[in-house]
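There are 2 protein chains.
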Amino acid sequence: MTVSPRIPTLDDVANAAGVSTATVSRCLNEKQKVSPKTLAKVMKAVESLGYTPNFNARAMAAKQSHTIGAIIPTMENAIFARGLQAFQEKLLEQGYNLLVSSSAYQPKLEAQQIRELVARGADGLLLIGYERDEAVYEYLARRGIPTVLAWASIPNSDHASVGFDNRAAMRLLADRVIEMGHRQIAVISGIVEGNDRAAERLAGIQDSWQAHGFDLDALPVIQTPYEIEHGASAFERLVQADVKPTVIMCGNDVLAAGVISKARDLGFIVPNDISVTGFDDIELAKHVFPALTTVHVPHRQMGRVAAESLIDLIEDRTKKVSHQLDVSIEMRASLQRI
Amino acid sequence: MTVSPRIPTLDDVANAAGVSTATVSRCLNEKQKVSPKTLAKVMKAVESLGYTPNFNARAMAAKQSHTIGAIIPTMENAIFARGLQAFQEKLLEQGYNLLVSSSAYQPKLEAQQIRELVARGADGLLLIGYERDEAVYEYLARRGIPTVLAWASIPNSDHASVGFDNRAAMRLLADRVIEMGHRQIAVISGIVEGNDRAAERLAGIQDSWQAHGFDLDALPVIQTPYEIEHGASAFERLVQADVKPTVIMCGNDVLAAGVISKARDLGFIVPNDISVTGFDDIELAKHVFPALTTVHVPHRQMGRVAAESLIDLIEDRTKKVSHQLDVSIEMRASLQRI
DNA sequence: TTTGTAATTGCAAGCGCTTACACTAAAACT
DNA sequence: AGTTTTAGTGTAAGCGCTTGCAATTACAAA
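Residue numbers (numbering that gives the first Met the number 0), protein chains in the order written: chain A, 0 to 337; chain B, 0 to 337.
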C-alpha cells in the first residue's frame with residue numbers, strides 16, 4: 000500500500016490552478032461569480048487532484064451545514080422507512096443531506112441525539128411525534144434550530160408539524176369495527192408512555208367505545224413494544240380471558256402481523272373466528288394472510304411535505320405551520336362483520 | 000421567542016471559569032491531565048452556560064471525528080436492520096457514533112455517499128458486499144480510510160470483511176431442496192448486477208443444481224428487486240411456464256414473503272402445491288404462513304464483529320482480517336418433501 | 001533555603017474553508 | 001476622453017476547537 004500522500008486541500012487546488020483560494024471556493028459554490036475561463040481552469044485542477052471539500056471546515060466557515068438531522072424511534076421495522084425515504088429524496092433534491100439516528104423509543108437517548116446532531120451543525124431537525132420534555136424544546140429554541148415534528152399533527156401549538164390525527168383516525172376505524180357488530184374488542188397498543196402516537200391511537204379506540212355507550216372497564220388493553228413477537232404473545236394472553244374478544248385492534252401493523260401469525264398457530268381462523276386490525280398500512284399489510292384491515296397513512300407525502308416545511312423554515316421563507324394530512328381506512332379481509 | 004443569544008463556545012467557558020481554552024478542552028477530553036479543583040470549576044461553567052462542543056471544530060482540530068459511516072443498500076425493509084442496530088450499539092459502547100445513508104442499490108449513489116461521508120470526516124466506513132468499482136477502493140486507500148465490508152466474506156483479498164459465504168450457504172439449502180425430491184426448481188433472485196450477495200446466492204443454487212447432474216438451461220431464473228411486490232409478480236410469471244416448478248427458491252425472505260402471499264391469492268397451497276424458500280431469516284420469516292424455510296444469518300453477531308474489526312483497524316491495533324461466520328439452514332413448513 | 005522533578009496550565013499555531021472588503025480591469029456610460 | 005459601473009479576483013480575518021511546547025506552580029529531596 001502506498002503511503003497516503005497528503006489529502007488535497009483548497010490551497011492545493013488554488014496553487015495548481017494559479018488562483019486564490021477565494022476563487023476556488025467560488026468555483027465550487029457560486030459558479031456564476033466566476034469567469035468561464037477560470038472556472039474551467041479550476042475545475043481541471045480539482046479533477047486532477049481528486050479534491051473533495053472538507054465538510055467540517057466548510058460547515059464551520061459558512062456557519063451552515065446543509066445537513067438535516069432526523070431522529071426516528073426505530074429502524075428495526077418498516078414503520079418509518081417509506082416516509083423517511085421520501086423525506087430524504089426531497090432533501091437531496093434541494094441540496095440538503097440527511098443524517099439519521101434511532102432513539103430506540105427512549106426519550107433520554109433522543110435528547111442526547113438531538114444534542115449530538117445540533118453539535119454536528121444540523122441546520123434543522125425532523126422529530127417524530129410531539130411528546131417530549133419541555134427542556135428539549137427550550138434547548139432547540141435557544142439554539143434557534145428549525146424543527147418539524149412528523150407523524151403527528153398539532154394544530155394549536157407553536158411547533159411546526161406534518162402528520163395526521165392519530166386519535167381521530169383510529170376512532171374512525173373503531174367506529175367501523177363497532178358498526179360491523181363487534182362488541183368484544185380487545186386492544187394491543189404500543190407502549191403509551193413517551194409515545195404520543197400510541198397514546199392517541201389508544202384514546203381513539205376508547206373514544207369510539209365510549210361514544211357507543213360502552214364501559215371502558217370492559218375494554219381489555221395490553222401495552223407492548225412494537226414488535227411482531229410481542230404482538231404474538233399479547234394475543235396469546237388476550238385469548239385466555241373469560242370473555243373471548245371477537246376482534247383484536249392493534250396499535251400498528253407490526254403488532255397485527257404478530258397476532259395473525261399466532262392466531263393461526265393457536266388454531267384460530269382469521270377473520271372467521273376472530274378479526275384483526277392494524278394501523279399504518281405498511282407494505283406487509285396487504286401480504287399477510289388474511290390481508291390486514293388498517294389505517295392507511297400517506298407516508299411518502301408526509302416525508303415530502305416535512306422536507307419542504309423544514310427547508311422553508313431554515314431558509315426563512317415561512318412561519319411554522321401545521322400540516323394535517325388525510326388518512327383513510329383500508330378495508331381488507333382480516334376484519335369481518337360479526 | 001427570545002432572540003437567540005450567542006451559542007456558548009469554549010472561549011466563553013474559559014472566561015467564565017477563569018482558565019485558558021486549553022484547560023477547558025482538557026477537562027472535556029482528558030480529565031486526568033487536570034487538577035480536580037480546576038475540573039470542578041470548569042464543569043460548573045460548562046453546566047451553567049449549557050455549553051456543547053462544536054463538533055465540526057473539534058473534528059477539524061483533532062483530525063478525527065469518532066464517527067463511523069455506514070452505507071447500506073436499503074432501509075426500506077428489514078434486511079440490514081438488525082445487523083446495523085448491533086453495529087451501532089457496539090460503536091456507541093466504544094465511544095463512536097454512526098452515520099447511516101442508504102444507496103438504494105445504486106453503485107453511483109454509493110460512491111457519492113462514500114465521498115460524502117469521507118468529506119464529513121468519518122474515521123472509518125462500513126460497506127455492504129464487495130463488488131464495486133476499483134476506483135472506489137483506490138480512493139479509500141489513498142485517503143487511508145479504514146473500511147470493513149460486511150454481509151460478505153472474502154478470505155483472500157486485501158479487504159477487511161465480516162460475513163458469511165453466500166454461495167456456500169445457498170448451495171447448502173439447494174442441496175436440501177434437491178435431496179427432498181424436488182426436480183423442478185425455479186429461482187427468484189435479486190438483481191445480480193452490482194450486487195455480489197445476490198449473484199453468489201444464485202450461483203450457489205446453480206452449483207448444487209449442476210452438481211446433481213442437471214442442466215442449467217432447465218433452471219428458470221427471474222431477477223427482480225428485493226421488494227415484496229416484486230416477489231409476488233415474479234411468482235405469477237413463473238407459474239405460467241409449461242413445466243410447473245415444485246419449489247420456488249428466493250434470493251431473500253422479502254421476495255419469499257411476496258411469493259407466499261401471491262401463491263395463496265392464486266389458489267396454491269404452500270407447501271402442498273408448491274414449496275418456497277428464502278434467505279436471511281428476518282423476523283418476518285417465522286411469522287408468514289406457512290413459516291419460511293430459510294438460511295439463518297447471524298445478523299447481530301455480524302454487526303458486533305464488524306464494529307470491533309473496524310475500531311481495531313482505526314485504532315491501528317490489527318491488520319485487515321476476514322471474519323467468516325457460520326450460517327445454518329432453518330427448516331420450516333414452507334418447504335416440503337415431494 | 002535551594003534545587004530538581006513532576007504535575008498543571010497557558011500560549012499560540014494551526015485545522016480547511018467562506019466571505020466582507022479592497023482592488024483591478026474591462027465595459028458602458030456622458 | 002473622462003467617469004461610472006460592473007465583473008472578476010485577491011487579501012486576510014475569522015469559524016471553534018486541539019495540542020506541542022513553554023512557562024508556571026507544587027512538592028519533595030538535598
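Note that beta-carbon positions come from the ideal geometry of N, C-alpha and C, so glycine has one too.
Residue i at chain A interface by Cβ criterion, 8 Å
| i | result |
| --- | --- |
| B/Leu334 | no |
| B/Asp10 | no |
| B/Ser260 | yes |
| B/Ser321 | no |
| B/Thr276 | no |
| B/Pro52 | yes |
| B/Ala256 | yes |
| B/Ile187 | no |
| B/Asn96 | yes |
| B/Arg331 | no |
| B/Ala306 | no |
| B/Met0 | With a pLDDT of 43 at B/Met0, under the threshold of 50, the modelled position of this residue cannot be trusted, and the question is left open. |
| B/Met59 | yes |
| B/Val191 | no |
| B/Ala6 | Correcting the residue identity first, residue 6 of chain B is Ile in this sequence and not Ala. Yes, B/Ile6 lies at the interface with chain A (some Cβ there is under 8 Å from its Cβ). |
Residue-chain proximity (residue i, chain B), Cβ-Cβ < 8 Å
| i | result |
| --- | --- |
| A/Ala233 | no |
| A/Phe163 | no |
| A/Ala284 | no |
| A/Lys318 | no |
| A/Arg196 | no |
| A/Arg114 | yes |
| A/Gly123 | no |
| A/Ile313 | no |
| A/Ala167 | no |
| A/Val117 | yes |
| A/Arg170 | no |
| A/Arg263 | yes |
| A/Val269 | no |
| A/Val246 | no |
| A/Val99 | yes |
Counterpart residues of residue i in DSSP-defined beta bridges
| i | result |
| --- | --- |
| B/Ala149 | B/Ile127, B/Val161 |
| A/Leu98 | A/Gly68 |
| B/Gln323 | B/Gly162 |
| A/Cys249 | A/Ile187 |
| A/Glu329 | A/Thr293 |
| A/Ser274 | A/Val246 |
| A/Asp279 | A/His295 |
Residue i and residue j closer than 8 Å at C-beta
| i | j | result |
| --- | --- | --- |
| A/Gln222 | A/Val191 | yes |
| B/Val258 | B/Phe234 | yes |
| B/Gly230 | B/Cys249 | yes |
| B/Thr292 | B/Asp279 | no |
| B/Ala80 | A/Met59 | no |
| B/Lys36 | B/Arg25 | no |
| B/Ser333 | B/Val269 | yes |
| A/His211 | A/Ile184 | no |
| A/Ser156 | A/Asp164 | no |
| A/Asn76 | A/Gly128 | no |
| A/Val147 | A/Leu312 | yes |
| A/Asp122 | A/Ile70 | no |
Quick one: which unbroken beta strand (DSSP E) runs of 3-plus residues sit fully inside the stretch 53–96 of chain A? Chain order, please. Runs found: 66–71.
When you check each C-beta in the stretch 61–88 of chain B against every C-beta of chain A, which residues fall closer than 8 Å? The stretch 61–88 of chain B vs chain A, Cβ under 8 Å: Ser64, Met74, Glu75, Asn76, Ala77, Ala80, Arg81, Leu83, Gln84, Gln87.
Would you mind listing the beta strand (DSSP E) stretches within the stretch 151–223 of chain A that are 3+ residues and don't spill past its ends, in chain order? As far as the stretch 151–223 of chain A is concerned, its whole beta strand (DSSP E) runs of at least 3 residues are 159–162, 184–188, 220–222.
Scan the stretch 119–153 of chain A for residues whose Cβ lies nearer than 7 Å to a Cβ of chain B and list them as they occur along the chain. Residues Arg119, Gly120, Ala140, Arg141, Arg142, Gly143.
Interface positions of the stretch 288–301 of chain B facing chain A (Cβ-Cβ less than 9 Å), listed along the chain: Those would be Phe288, Ala290, in chain order.
For the stretch 23–56 of chain B, enumerate the residues whose C-beta is nearer than 8 Å to any C-beta of chain A, in chain order. Correct list: Gly49, Thr51, Pro52, Asn53, Phe54, Asn55, Ala56.
Anything in the stretch 215–244 of chain B with a Cβ closer than 8 Å to a Cβ of chain A? List those residues in chain order, please. Within the stretch 215–244 of chain B, those residues whose Cβ lies closer than 8 Å to any Cβ of chain A are, in chain order, Glu226, Ile227, Glu228, Ala231.
What beta strand (DSSP E) runs, 3 residues minimum, are completely inside the stretch 10–47 of chain A? Counting only runs of 3+ residues, no beta strand (DSSP E) is found wholly inside the stretch 10–47 of chain A.
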